[in-house]
Ligand code: ADP
């Protein structure tokens, strides 16, 4: 027997429609790419998103067609986002920090028909445009006054383009399993892979993000996603904030510590989300200028492990942290480290121990850890295994890639190595390709990095496994010092000594001027391995 409830497909544009109807005057504030602060609200965003839909429809963009955005977090990007999805076209967010050849590869693989972009990225696109045969036109997120001369095909200023329609248009309806958006993984190994979200998966993911123990924001709060819309839907915030009526503050092109601080302060932001490198810049700026943020209540941090010292710095400022783990293939939320009973009562180091885990999954994400043969491992907080996940917002295949990516129980292998404790708190110990295999035992590069970065002179730390004749691999610690600070190999090792097992201690420390990062802000270990290809440990001859 079937239930007698309404057929109400979970479509993304229902979210912005709800925001416009119920939270219509709630503000969306942007530091515009042109410079000034721009203010709008959810009702106007919905009205203009409908114009985007109508205008795309007039250009012959149909259900399933791909429309790319290569753009910062701004109100226009959000309008375009809902406008594209509102006619069943697919909003393909492209990460502008990728190499131009990768951008071209991705646009060609997706066969994008239209590219919407910011002024910032016109030069990059002009260089690759002749390699993009599927793109019929470029729409620049600006107005006539700021529109530059460009060689981009059929280029038009967004404001002129939407002014050609009246907005008298209805969202289209279709099956909730229709593709809504796509995002390619950065492809640090091999070609990028296209993750294809559905309307249903995005809506369900928004509900997961709305859980108080997830992003933790409500209608009375203000959220500033530093994490870009092109980084897995800005961790779902582009859907979850409008669905709750949370005020949004977009940082546009300026993500440095001073600019982010200014917006957090002037807009009285209560919640913000971003990768650790962004928070490092913010904390440095605040410390150097003795600043505080009395309105800020929660910093969501993910994408890479959040160092313990960073958690402590925010707590010292009176700001709660929520360490999160996820990935593009998971829409992206996997776990969040909220403090549930009995841990909420913990104090000091014991509290930090829990806050530093990657947390537990919201309803809608199932996890397991297995050995290499696929056998389930215990949730004892000690046993490491391959972390596998399933859920309605987890990928089951990649776009146009004929490969089975699920195990026989339907779980996706995240490529991460983790422990899970009896309460469901998960701790990532490594990427499976980065874990250091020393004499048959595993050493967590992340644990070593987190510890080293706690040394007051260290700006950033990376650990890679380097060949060792006796142990197969041993950890090499690579350090970038804070500007104007100094520390020796011995200082760093002494700082770490006693805080980890003896056999985990790095065999050597190398100092570099800069640690390379991927397009999503993670340490680029492949580049470091390359850089230290010829390195051999002083003790390797023994
Ligand atoms: P990419 O940057 O390659 O496009 P994602 O942004 O999807 O891919 O990155 C997902 C990966 O990032 C995870 O599988 C994990 O290795 C790493 N990651 C994300 N959050 C955390 C975290 N809080 N701690 C440690 N690693 C993390």
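Numbering (our numbering), first residue to last: 1070 to 1611.
By construction, the Cβ of each residue, glycine as well, lies at the ideal position given by its N, Cα and C atoms.
Sub-7 Å separation of residue i and residue j beta-carbons
i: residue 1383; j: residue 1368; result: yes
i: residue 1211; j: residue 1226; result: yes
i: residue 1163; j: residue 1198; result: no
i: residue 1156; j: residue 1241; result: yes
i: residue 1280; j: residue 1267; result: no
i: residue 1148; j: residue 1117; result: yes
i: residue 1529; j: residue 1549; result: yes
i: residue 1339; j: residue 1364; result: yes
i: residue 1506; j: residue 1542; result: yes
i: residue 1531; j: residue 1556; result: no
i: residue 1234; j: residue 1123; result: yes
i: residue 1490; j: residue 1407; result: no
i: residue 1161; j: residue 1181; result: yes
i: residue 1377; j: residue 1237; result: no
i: residue 1467; j: residue 1262; result: yes
i: residue 1456; j: residue 1476; result: no
i: residue 1297; j: residue 1142; result: yes
i: residue 1373; j: residue 1591; result: yes
i: residue 1579; j: residue 1533; result: no
i: residue 1139; j: residue 1186; result: yes
i: residue 1092; j: residue 1314; result: yes
For residue i, three-class secondary structure by DSSP
i: residue 1501; result: coil
i: residue 1189; result: helix
i: residue 1372; result: coil
i: residue 1118; result: helix
i: residue 1569; result: coil
i: residue 1541; result: strand
i: residue 1266; result: strand
i: residue 1621; result: Outside the modelled stretch of the chain, which goes from 1070 to 1611, sits residue 1621, for which no answer is possible.
i: residue 1608; result: coil
i: residue 1181; result: coil
i: residue 1469; result: coil
i: residue 1286; result: coil
i: residue 1490; result: coil
i: residue 1102; result: coil
i: residue 1476; result: coil
i: residue 1549; result: strand
i: residue 1485; result: strand
i: residue 1580; result: strand
i: residue 1310; result: helix
i: residue 1526; result: coil
i: residue 1082; result: helix
i: residue 1075; result: coil
Per DSSP, cross-strand counterpart(s) of residue i
i: residue 1620; result: This structure cannot speak to residue 1620, because the chain is shown only from 1070 to 1611.
i: residue 1511; result: 1506
i: residue 1586; result: 1592
i: residue 1162; result: 1138, 1252
i: residue 1558; result: Answer by DSSP bridge pairing: none, since residue 1558 is not bridged.
i: residue 1109; result: 1097
i: residue 1533; result: 1545
i: residue 1296; result: Looking at the DSSP assignment, residue 1296 forms no beta bridge with any residue, so it has no partner.
i: residue 1496; result: 1488
Sequence-distant residues of the same chain with beta carbon closer than 6 Å to residue i, five excluded per side
i: residue 1316; result: 1095, 1096, 1291
i: residue 1219; result: 1191
i: residue 1361; result: none
i: residue 1067; result: A question about residue 1067 goes unanswered here, because the residues of the chain that appear run from 1070 up to 1611.
i: residue 1375; result: 1345, 1392
i: residue 1416; result: none
Residues near residue i by beta carbon distance below 8 Å, same chain, minus five either side
i: residue 1395; result: 1301, 1304, 1371, 1401, 1402, 1403, 1404
i: residue 1215; result: 1103, 1188, 1226
i: residue 1470; result: 1262, 1263
i: residue 1474; result: 1464, 1465, 1466, 1467, 1481, 1482
i: residue 1323; result: 1100, 1329
Proximal residues to residue i (C-beta, below 7 Å), its chain only, five neighbours per side dropped
i: residue 1433; result: 1273, 1277, 1460, 1461, 1462
i: residue 1082; result: 1151, 1154, 1155, 1240
i: residue 1348; result: 1368, 1370, 1379
i: residue 1389; result: 1366, 1367
i: residue 1439; result: 1445, 1446, 1454, 1455, 1457
i: residue 1201; result: 1173, 1176, 1177
i: residue 1355; result: 1330
i: residue 1535; result: 1542, 1543, 1545, 1601, 1604, 1606
i: residue 1275; result: 1084, 1305, 1308, 1309, 1312
i: residue 1127; result: 1234
Beta strand (DSSP E) runs contained entirely in the segment 1402 to 1461, provided each spans 3 or more residues: 1402 to 1405, 1435 to 1439, 1454 to 1459
Inside the segment 1187 to 1263 only - alpha helix (DSSP H) runs reaching at least 4 residues: 1191 to 1197, 1227 to 1232
Segments of 3+ residues assigned as beta strand (DSSP E) that fall wholly inside the segment 1134 to 1159: 1135 to 1139
Length-filtered (3 minimum) beta strand (DSSP E) runs lying within the segment 1317 to 1396: 1340 to 1343, 1367 to 1370, 1389 to 1395
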